[in-house]
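Visitor: Got a structure here, written out as structure tokens. Questions coming.
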Amino acid sequence: MKKEWIPNITIGQDYDVAYKDATIHFDVLGKMADFFGRDMPMHLHAEYCQIHLILSGKTLFNIEQNVYETEGCAAFYTPPATPHAFLTEPTAPGYVITIHNTHLQRIMAELNAYSNHNSLLMPFHLDRNKDTNSNPLHWEQLLNLFKMLKLEWNQSSLFQQEGIESIVKLILISMLRLAGAEQPKKQHNQSEILCFREFSSLLERHFLTEKQIQFYCDSLNINESRLNYLCNKITKLSPKKLINGRILLEAKRLLSHTNKNLTEIAYTLGYLDPSYFSRFFIKNTGMSPSDFRKHHRKEQ
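Yeah, the sequence shown ends on 304 if you go by the numbering used here, and it's all consecutive.
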């Protein structure tokens with residue numbers, strides 16, 4: 005019998021279109037559970053990591069075939085492209101943070117996580133009832149940070165995005181402190197998913213200068229058909245579309261949040277000819293860079 009591939013869910017497309025191009029999404033567990041269900045079958049988020057905080061009740065969390073059963077307050081960190089499923093009680097309260105790989109890579113670089121056992125590349129969980137080694141104040145700090153994030157998320161204030169990003173970074177730091185030296189442990193990762201994660205990391209580091217698929221194939225030591233197979237299997241998108249998607253995400257960010265002119269943006273993205281960048285943007289979004297900027301700033 006042919007085994008079905010694990011579905012890839014994109015929060016900004018399948019759940020909350022208002023955050024289609026956002027790097028961070030935050031929501032209460034109950035609202036997402038009303039949409040997806042409390043008994044969430046195996047799935048993954050190819051370009052996103054997630055943090056689940058469950059405040060009370062029994063939880064059954066399956067991360068890459070490692071099953072964790074908790075009761076009471078617990079937190080779970082799931083890296084990008086990590087298959088997971090979970091079951092929570094009907095009224096269990098909590099929060100879910102979804103972070104795009106672009107922002108995760110930035111945080112990892114800032115924390116120097118690559119030299120720290122690849123901490124944020126591996127899944128891990130925290131169980132308050134079973135945690136006897138850490139300082140209880142660290143748990144209080146984590147819970148307070150989630151409350152702060154909820155307040156920041158629901159108000160429109162000066163430097164709101166910067167505030168959200170800072171709190172999310174503190175939440176990850178707090179979770180790593182609580183995890184301690186024993187976690188994150190190496191899980192039974194599928195080789196295909198590991199290869200895709202490596203491709204995603206390479207893309208994040210080189211998309212401004214390397215737009216050809218062959219560069220990534222050479223770096224991964226695989227042929228183009230293999231990379232195409234992996235990307236389509238996990239994301240239902242070709243490597244070229246993933247490369248273009250990363251460029252577009254950065255273009256939209258620069259158009260929305262900076263005052264750089266179109267020529268400067270084109271050069272930043274590695275295009276020596278601004279008109280070529282404009283054609284690329286129109287082809288992939290249906291509007292010119294100038295129209296996108298006007299439309300976005302009108303909505304703000």
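By construction, the Cβ of each residue, glycine as well, lies at the ideal position given by its N, Cα and C atoms.
Rounded to a whole number of angstroms, what is the C-alpha to C-alpha distance between S204 and N105?
Guide: Whole-angstrom Cα-Cα distance: 8 Å.
Visitor: Does DSSP put Q145 in a helix, in a strand, or in coil?
Guide: Three-state result, Q145: helix.
Visitor: Could you give the DSSP three-state label for C53: helix, strand or coil?
Guide: Correct three-state label for C53: strand.
Visitor: Determine which residues share a DSSP beta bridge with L48 and list them.
Guide: According to DSSP, L48 bridges with N12.
Visitor: Between which two residues does the alpha helix (DSSP H) holding T213 run?
Guide: Segment: none, T213 is in no alpha helix (DSSP H) and carries neither H nor E.
Visitor: Would you kindly check if the distance between the Cβ of I55 and the Cβ of I175 is under 8 Å?
Guide: A contact, by the Cβ cut-off of 8 Å.
Visitor: Please identify the residue among T27, T86 and N133 whose C-alpha is closest to the C-alpha of I101.
Guide: Checking every option, the nearest Cα to that of I101 belongs to T27.
Visitor: Would you mind working out which of Q17, H300, Y23 and Y19 sits nearest W157, comparing C-alpha positions?
Guide: Ranking the options by Cα distance to W157, first place goes to Y23.
Visitor: For V71 and H129, I'd like the C-alpha separation in whole angstroms.
Guide: The straight-line gap from Cα to Cα measures roughly 10 Å.
Visitor: Given that a residue counts as buried once 16 or more other Cβ atoms are within 10 Å of its Cβ, and exposed if not, what is F39?
Guide: Exposed, because fewer than 16 other Cβ atoms sit within 10 Å of the Cβ of F39.
Visitor: Give the straight-line distance between the Cα atoms of R250 and D25, rounded to the nearest whole angstrom.
Guide: Rounded to whole angstroms, R250 to D25 spans 10 Å at the Cα level.
Visitor: Give the DSSP bridge partners of K62, in chain order.
Guide: Answer is E75, bridged to K62.
Visitor: Mind checking which residues open and close the alpha helix (DSSP H) that includes A255?
Guide: Start and end: P243 to H261.
Visitor: What number of angstroms, rounded off, separates the C-alpha of W224 from the C-alpha of A183?
Guide: First, the amino acid is wrong: residue 224 is Leu here, not Trp. Looking at the two C-alpha atoms, the distance is approximately 31 Å.
Visitor: Quick one: using the 10 Å Cβ neighbour count with 16 as the cut-off for buried, is E51 buried or exposed?
Guide: It is buried - the Cβ of E51 has at least 16 other Cβ atoms within 10 Å.
Visitor: For A113, is the classification buried or exposed, using 16 other Cβ atoms within 10 angstroms of its Cβ as the cut-off for buried?
Guide: Its Cβ having fewer than 16 others within 10 Å, A113 is exposed.
Visitor: Under a Cβ-count criterion, where at least 16 other Cβ atoms within 10 Å of its own Cβ denotes burial, should G98 be classed as buried or exposed?
Guide: The residue in question, G98, is buried, as its Cβ has 16 or more Cβ neighbours within 10 Å.
Visitor: For the beta strand (DSSP E) holding Y99, just list the boundary residues, first then last.
Guide: Where Y99 is concerned, the enclosing beta strand (DSSP E) stretches over G98 to H104.
Visitor: Per DSSP, what are the beta-bridge partners of F30 in this structure?
Guide: In DSSP, F30 forms a bridge with I101.
Visitor: Pairs of beta-carbons, one from the region 280-294 and one from the region 244-261, closer than 8 Å: are there three or more?
Guide: Short answer: they touch.
Visitor: Can you name, in chain order, every residue of its own chain whose Cβ lies under 6 Å from the Cβ of E73, other than the five neighbours on each side?
Guide: The answer, listed in chain order, is L64.
Visitor: Return the CA-CA distance between L149 and G274, expressed in angstroms with no decimal places.
Guide: Going from the Cα of L149 to the Cα of G274 covers about 38 Å.
Visitor: With DSSP as the reference, please indicate the residues paired to N70 in a beta bridge.
Guide: DSSP, once it has assigned bridges, lists I67 as partnering N70.
Visitor: Express the C-alpha separation of N12 and N66 in angstroms, rounding to a whole number.
Guide: Taking the straight line joining both Cα atoms gives about 16 Å.
Visitor: What do you reckon, are the CB atoms on S242 and N232 nearer than 8 Å?
Guide: Result yes, Cβ atoms of S242 and N232 sit closer than 8 Å.
Visitor: Counting only the same chain and skipping the five closest in sequence on each side, list residues whose C-beta sits under 6 Å from that of F200.
Guide: Cβ neighbours of F200 beyond the five flanking positions: A85, L234 and I238.
Visitor: Which one of I269, L246 and I168 has the shortest CA to CA distance from L206?
Guide: Answer by Cα proximity: L246.
Visitor: Could you tell me the alpha carbon to alpha carbon distance between L141 and S161, rounded to whole angstroms?
Guide: Going from the Cα of L141 to the Cα of S161 covers about 29 Å.
Visitor: Can you tell me where the alpha helix (DSSP H) with L273 in it begins and where it stops?
Guide: Careful: L273 lies outside any alpha helix (DSSP H) and carries neither H nor E.
Visitor: Identify whether T267 lies in helix, strand or coil by the three-state DSSP scheme.
Guide: In the structure shown, T267 sits in a helix (DSSP, three-state: H, G or I).
Visitor: Determine whether the beta carbon atoms of L258 and T272 lie at a separation below 8 Å.
Guide: Yes; because the gap between Cβ atoms is below 8 Å, this pair is in contact.
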